[in-house]
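Report on one structure; see the data block that follows.
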Amino acid sequence: MYFSSHLSAGVFLGTVAKNSPLALALGLSSHALLDMVPHHDYNNVLPAILDISAGLLALQTFRTTNPEIATSIFWGAFGATIPDLEVAIKYLCPFVSIKSLYPSHTGKLRHPQRKFPQGVLVQVLTIASFFALSIIL
Ligand SMILES: [Zn+2]
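When we follow our numbering, the leftmost residue of the sequence shown carries the number 436, and every step to the right adds one.
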């Protein structure tokens, strides 16, 4: 899934957990669950840069508006997004041979794809839902 989709789940989990270690664990787990939802993934750098920039801006906004749980929100978002670092390294450094570790990247867990527009709609709904829940709760 997109960076912002994973991040929105992490923000939500950090908001609910209000506890950094728990938020980190929940965030790491959420990554696998979201990767199992049929979705669209981008395959070049420009959408990734835009996605990551918008996601980080949203993260900063949630942390600034909720200073009492800002650390928990950070760790939830970190846990939810960090598994894709191995995907980014593989894409950006194809000459470096690294073995994937995260189960949804190794093939141990399903990672179904959907084309545009269905796959993008799934991402938009995911992001909107988790951010809305983070605001409501
Ligand atoms: Zn992933």
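Think of the CB as a built atom: it goes at the ideal place given N, C-alpha and C, for glycine as much as any other residue.
Quick caveat: nothing in here was measured; it's all calculated off a predicted structure.
- The alpha helix (DSSP H) runs lying completely inside the region 531-555 and spanning 4 residues or more are 538-541, given in chain order.
- Within a 10 Å sphere around the beta-carbon of Val446 sit 16 or more other beta-carbons, which makes this residue buried.
- Ala489 is positioned such that its CB atom lies no closer than 8 angstroms to that of Ala444.
- Of the residues assessed, Leu560 falls on the exposed side of the cut-off, its CB having fewer than 16 other CB atoms within 10 angstroms.
- Counting along the chain, the unbroken alpha helix (DSSP H) around Asp470 starts and ends at Ser455 to Asp470.
- Listed as beta-bridge partners of His474 by DSSP are Gln548.
- If you check the CB distance, His474 and Gly542 do not come in under 8 angstroms.
- If you draw a straight line from the Cα of Val472 to the Cα of Phe551, it is about 15 angstroms long.
- Put simply, the backbone Cα of Lys453 is about 28 angstroms away from that of Glu521.
- Relative to Ile562, the option among Lys525, Asp486 and Phe509 whose CA is nearest is Asp486.
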